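Report on the following structure.
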Amino acid sequence: MDAATPNIPRAADDQGSSGVGAASRLIVNRRRQEGNPVLKYVRNVRYEWGEIGADFECGSTCGVLYLALKYHKLHPNYILTRLSGKDENKYACRVEEAAEYIENLKLADNRDPTFKKPVFVPVDEKTALQNAAVGILTGARSVTKADAQRLLFNFGTLKAISEASEEQLALCPGLGPIRAKNLYNYLRTPFTS
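Rendered as structure tokens:
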């Protein structure tokens, strides 16, 4: 991070116990999250390092656990030990989306409870949904954005793609049998074992 950004990480004791604004900072678990790519996308809230149980502490009642899908594939039981007893779960497809969740949770914690939230309507909701679907499909090994867009054009919905057989996927122009097999297996891999 360069010196101009407001997210210069500070140790938990930089502010002292009575530091101004210390309660308004996002607290990040140093042991688990140092070097996490999500941190470079957390721009709208300041953060500091701390020894906490969760990976990110967004307030007195909200903690965030972060797990990259790559790590999850190597250690599938790890998330089960971390999730036990947690009430609500949110999932993000990209690190930018995860950072946005974390920022919004922290900003919501600092907000006055009587504040009326403005309704946000995306300019083009269809485009946003299509981009999310492309992000999911490109998670499969060797499936490109162009492949994902062709799949969505040919099958119409993500549900239709996920219900298609391996042979039906292979018939999609440009996909071929190897990518079709990779996508077929990817869409049938359980998130938790």
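Residue numbers (the UniProt record's numbering): 1 to 193.
Note that the Cβ used here is the ideal one computed from N, Cα and C, for glycine as well.
What you are looking at is a predicted structure, and each value in this text was computed from that prediction instead of being measured.
Residue(s) in a DSSP beta bridge with residue i
i	result
L26	Y47
G63	E57
Boundaries (first-last residue) of the beta strand (DSSP E) holding residue i
i	result
E57	56-59
Anticipated Cβ contact below 8 Å, residue i with residue j, distance rounded
i	j	result
E103	N44	5 Å
L26	K106	5 Å
A108	Y101	A108 to Y101, Cβ: 11 Å. No contact.
A133	L171	No, A133 and L171 are not in contact; Cβ-Cβ is about 19 Å, not under 8 Å.
R150	G174	6 Å
V28	A99	Not quite, the Cβ-Cβ distance comes to about 12 Å (not below 8 Å), so this is no contact.
Y71	Q33	Between Q33 and Y71 the Cβ distance is about 12 Å, and since that is not below 8 Å, they are no contact.
R179	D147	6 Å
N89	L83	7 Å
Y41	V95	6 Å
Residue range of the alpha helix (DSSP H) that includes residue i
i	result
P177	176-187
N131	125-137
H72	69-74
F155	145-155
A140	A140 -> no alpha helix (DSSP H), and no H or E assigned at all.
K159	158-163
L169	166-170
L80	78-83
If we count Cβ pairs, one from each stretch, closer than 8 Å, do we get three or more for the segment 122-140 versus the segment 183-192?
yes
Examine the Cβ distances between the segment 68-79 and the segment 39-59 and report whether three or more of them are shorter than 8 Å.
no
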